[in-house]
Amino acid sequence: MTGLASPTLRKAAPAAGSTPGTAQAPPRRTALLPTAALVLGALYCLLPVAWVVVAATKADDELFSTFTFLPGSGFSDNLGELTAYRDGIYWTWMGNSVLYAGLGALLSTAVSASAGYALAVYRFPGREAFFNVMLTGVLMPPVILAIPQYLLMAEADLTDSHLSVLLPLILSPYGVYLGRIYAEAAIPMELVEAGRMDGAGEWRIFTRIAVPMLAPGLVTIFLFQFVAIWNNFLLPFIMLGDDEKFPMTVGLFTLLNQGASQPSLYTLVIMGAMLAVLPLIALFLVIQRFWSLDLLSGAVKS
26 MTGLASPTLR KAAPAAGSTP GTAQAPPRRT ALLPTAALVL GALYCLLPVA WVVVAATKAD
86 DELFSTFTFL PGSGFSDNLG ELTAYRDGIY WTWMGNSVLY AGLGALLSTA VSASAGYALA
146 VYRFPGREAF FNVMLTGVLM PPVILAIPQY LLMAEADLTD SHLSVLLPLI LSPYGVYLGR
206 IYAEAAIPME LVEAGRMDGA GEWRIFTRIA VPMLAPGLVT IFLFQFVAIW NNFLLPFIML
266 GDDEKFPMTV GLFTLLNQGA SQPSLYTLVI MGAMLAVLPL IALFLVIQRF WSLDLLSGAV
326 KS
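Printed below as a string of structure tokens:
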């Protein structure tokens, strides 16, 4: 006769991807404090935008009499009144802003790229001194430079012109700083020397080798400059006297001042502020695909 065998104890199989005989690490806990700080920061940035979007839908009698985040029924009327105000001068202001920000950012990016590349690649006397002096411009508040810039433009008889706003914005100390830092990190000297050995000139090396490798950095500089010029208020406010040349920021400011005596203009100012955010959002969505990682992947092999 055979006796009843005791049940065999079976060990649980190890989890997939783990090594038998080793203890499994406990699951990671979510960092609550950093997450909460990021959520609060996002709410702090997005709540004003949400208020502007909702307030743009309200009619004059709904703006101050309804719940803050309750949509209204006057969006189309506000848009039509803003378009009709002074024969559509708001769109003139918007076009001026596109001109100042677009052309100014392009020129500033070109200057920052060439200056940053030169400071990173070439060795010449006074290079570091020049760069340090340039960096002091980053620490200068714009309000300190506005009056000297106005006096210089007045001496050149350029005040109250588009050039009086464009010219001071072309040179960006922060853009030159970013250009040099990015060029030092992204452009190996081996490629520059190889181009020289192949007989390429310095301009050809810069345009054919350096600029494509600097593309993500140049996109960043362009975005920073575009946003800075788009939101610039003090410089055009001092330089310009003709409201047909105002950018959107100065134009909305004058419209807001008139709203002190005509409360009906408040809805136009809010609608204009909401429309002014849309180009920045569209620009960021369009150019963010140009940012990439592993810029030098395959360029230089050890």
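No gaps in the numbering here: position 116 of the sequence shown is 141 in the numbering used here, and each next residue is one more.
Heads up, the beta-carbon is just placed ideally off N, CA and C, and yes, glycines get one too.
Going by Cα to Cα distance, which pick from the options is closest to residue i?
| i | options | result |
| --- | --- | --- |
| T82 | L290, S101 and V64 | S101 |
| M238 | W118, Y142, P73 and T93 | Y142 |
| G242 | S197, A138 and V158 | A138 |
| I295 | V77, F247, V64 and L72 | V77 |
| W255 | I169, E227 and L131 | L131 |
| L248 | V311, K270 and G276 | V311 |
| A140 | P304, F309 and W228 | W228 |
| F92 | L104, V79 and N103 | V79 |
| L183 | I263, V302, A225 and G127 | I263 |
| P167 | G99, D85 and F258 | F258 |
| G127 | F231, P272, L265 and L72 | P272 |
| N121 | T232, A210, D268 and I306 | D268 |
| V136 | D85, G99 and I195 | I195 |
| L293 | M119, L104, V74 and L177 | L104 |
| V74 | F315, R314, I306 and L176 | I306 |
| Y291 | L58, G99, D112 and R314 | G99 |
| L1 | A240, R314, V146 and F251 | Not covered by the structure: residue 1. The range shown for the chain is 26 to 327. |
| F231 | L68, V158 and L144 | L144 |
| A253 | R233, D112, V123 and L72 | V123 |
Is the beta carbon of residue i within less than 7 Å of some heavy atom of the ligand FAD?
| i | result |
| --- | --- |
| A75 | The ligand FAD is not part of this structure, which contains no ligands at all. |
Rounded to the nearest angstrom, what separates residue i and residue j at their Cα positions?
| i | j | result |
| --- | --- | --- |
| E153 | L160 | 10 Å |
| Y125 | M222 | 41 Å |
| L318 | F155 | Confidence at L318 is low in this model, with a pLDDT of 45, below 50, so the placement of that residue should be treated as unreliable; the coordinate-derived value is given next. If I take the Cα positions, the gap works out to 31 Å. |
| S189 | A208 | 31 Å |
| C70 | V64 | 10 Å |
| I212 | R205 | 10 Å |
| L280 | Y110 | 10 Å |
| V236 | V201 | 14 Å |
| L320 | M214 | Annotation note: pLDDT 43 at L320 (below 50); position unreliable, no value reported. |
| L270 | S186 | The residue asked about is misnamed: residue 270 is Lys in this sequence, not Leu. Each residue's Cα considered, the two are about 7 Å apart. |
| P32 | T60 | Because the pLDDT of P32 is 46, which lies under 50, any placement of that residue in the model is unreliable, and the question is left without a value. |
| G266 | S197 | 25 Å |
| L164 | A225 | 38 Å |
| L277 | P304 | 16 Å |
| S90 | N282 | 22 Å |
| W118 | V302 | 14 Å |
| V158 | Q287 | 48 Å |
| A62 | L68 | 10 Å |
| Q313 | G66 | 22 Å |
| G129 | L57 | 43 Å |
| I234 | A181 | 38 Å |
For residue i, which residues from the same chain have a beta carbon less than 7 Å from its beta carbon, with the 5 sequence-adjacent residues on both sides left out?
| i | result |
| --- | --- |
| P16 | Since the first and last residues shown for the chain are 26 and 327, residue 16 lies out of range. |
| M299 | V77, V78 and A81 |
| S289 | D85 |
| M178 | T184, S189 and M264 |
Which same chain residues, not among the five before or five after residue i, have their C-beta less than 8 Å away from its C-beta?
| i | result |
| --- | --- |
| G42 | Note that G42 has pLDDT 49, beneath the 50 cutoff, so the model's placement of it is unreliable and the number below is only indicative. Cβ within range, chain order: n/a, list empty. |
| L95 | V79 |
| A171 | L259, L260 and I263 |
| G151 | none |
| L176 | none |
Our contact map puts residue i next to residue j with C-beta atoms below 8 Å; I'd like the distance itself, whole angstroms only.
| i | j | result |
| --- | --- | --- |
| C87 | G97 | Inspection of the sequence shows that residue 87 is occupied by Glu rather than by Cys. E87 to G97, Cβ: 4 Å. Contact. |
| L191 | F251 | Not confirmed; about 13 Å, so no contact. |
| A240 | F315 | 6 Å |
For residue i, which residues of its own chain have a beta-carbon under 6 Å away from its beta-carbon, when the five flanking residues on both sides are left out?
| i | result |
| --- | --- |
| L203 | I246 |
| T274 | F258 |
| Y115 | L107 and G297 |
| T134 | L243, I246 and F247 |
| Y199 | V163 |
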